[in-house]
Amino acid sequence: MLPDDLSTEGCAPAPRSRPRSLAEAARRARTGAPAGERALPVSPVLADLLPDGLRRGSTVGVVGPGGRSLAFSLIATATATGSWAAVVGDPDFGLAAAAEAGVALARLAVVDLSGPTASRQWGAVVAALVGGLDLVLVAPRRQVRATDARRLAARARERGSVLIRIGDASWPDRPDLELALTGATWEGPEDGYGRLRCRRAEVVATGRGRNARERRALLLLPDARGVPSLP
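Using the UniProt record's numbering, you'd call the opening residue of the sequence shown number 1 and step up by one each time.
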């Protein structure tokens, strides 16, 4: 399986007040999102899948090959416009690839939970971040307990955060919105020479409630520039 931060080349792609620090972002999240800010913006590339943006208080699941490239796109516009995000316990998360996709690294906290003691504190760490930041991205390496999953979903609803999880094997329940990548294929090299140019994938959005209607979109994840785009 090829890493999400693989360099590519060749495929052509067809105001809110901002918190100035991580502490300020946490204070804003604890008091709830202001009226009119119940959704976080997403890239225009994702408009067919998320016409109303990312709904605050929701859980989002990203599954399939290329999931991290799609996760980059989910948080890129929000961080670029002032929201704060965190990535928890994901050693495969590539900062260089995230930056290429438009994620504002100055508003991204990366939490390492690789040690045995830290991994046991996973639930508490994620809960604290969900209570303090706009977006929290997780990729659990072990089965998440049902009680922890319910507690985190409830905390996200209460605080107005968006909890994004990569992969579905470790989570006991369905998210509010699931984005599944299917039929992902790389283009290039030709005749065994050259470099991989881009990855095409169909993304299918399904979910519960207002997300029950299925939506589909064909995306480049990534394109030649390393960013998600339309073919």
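Each residue gets a CB set at the ideal place from its N, CA and C atoms; glycine is no exception. Keep in mind it's a predicted model, so treat the numbers as computed, not measured.
Assigned secondary structure, residue i (DSSP; H/G/I helix, E/B strand, else coil)
i	result
Leu50	coil
Leu137	strand
Ala80	helix
Glu158	helix
Leu152	helix
Glu187	strand
Ala224	coil
Arg55	strand
Leu74	helix
Asn211	helix
Val144	coil
Ala85	strand
Arg16	Residue confidence for Arg16 is low, a pLDDT of 39 falling below 50, so the modelled location carries little weight; the figure read from the coordinates is stated next. DSSP places Arg16 in coil when its eight states are reduced to three.
Ser69	helix
Ala99	helix
Arg165	strand
Ala39	strand
Leu105	helix
Ala120	Ala is not the amino acid found at residue 120; the sequence shown has Arg there. Reduced to three states, the DSSP call for Arg120 is helix.
residue 282	Residue 282 lies beyond the range of the chain shown here (1 to 231); nothing can be said about it.
Leu230	coil
Cβ shell of residue i (< 6 Å), same chain only, five flanking positions each side left out
i	result
Gly67	Ile166
Arg208	Asp176
Ala99	Leu105
Proximity below 7 Å, CB of residue i to CB of residue j
i	j	result
Val130	Val136	yes
Ala217	Val203	yes
Ser73	Ser43	yes
Arg89	Leu113	One detail in the question is off: residue 89 reads as Gly in this sequence, not Arg. Yes, the Cβ-Cβ distance between Gly89 and Leu113 is below 7 Å.
Arg215	Ala201	no
Gly61	Asp168	yes
Asp184	Pro65	The question names Asp, but residue 184 in the sequence shown is Ala. Yes, they are a contact pair.
Residue i versus residue j - alpha carbon distance
i	j	result
Asn211	Arg174	12 Å
Gly82	Arg107	8 Å
Val63	Leu181	6 Å
Leu177	Ala96	27 Å
Gly36	Arg157	Unreliable placement is indicated for Gly36, whose pLDDT of 42 sits below 50; the coordinate value is still reported in the next sentence. Answer to the nearest angstrom: the Cα atoms are 16 Å apart.
Thr147	Arg159	18 Å
Pro231	Ala71	18 Å
Gly115	Ala128	19 Å
Val103	Trp122	24 Å
Arg155	Pro140	18 Å
Arg213	Asp48	12 Å
Ala86	Leu50	21 Å
Close-in-space but distant-in-sequence residues of the same chain around residue i (CB under 8 Å, 5 per side omitted)
i	result
Ala149	Trp171, Pro172, Asp173
Rounded Cβ spacing between residue i and residue j (contact assumed at less than 8 Å)
i	j	result
Ala39	Ala76	Not a contact, Cβ separation roughly 15 Å.
Ser58	Val144	Rounded, the Cβ-Cβ distance is 17 Å, inconsistent with contact.
Val110	Phe93	7 Å
7 Å CB neighbourhood of residue i in its chain, flanking five on each side removed
i	result
Val126	Val88, Val136, Val138, Leu152
Pro41	Gly53, Thr77, Ala78, Thr81
Arg142	Ser170
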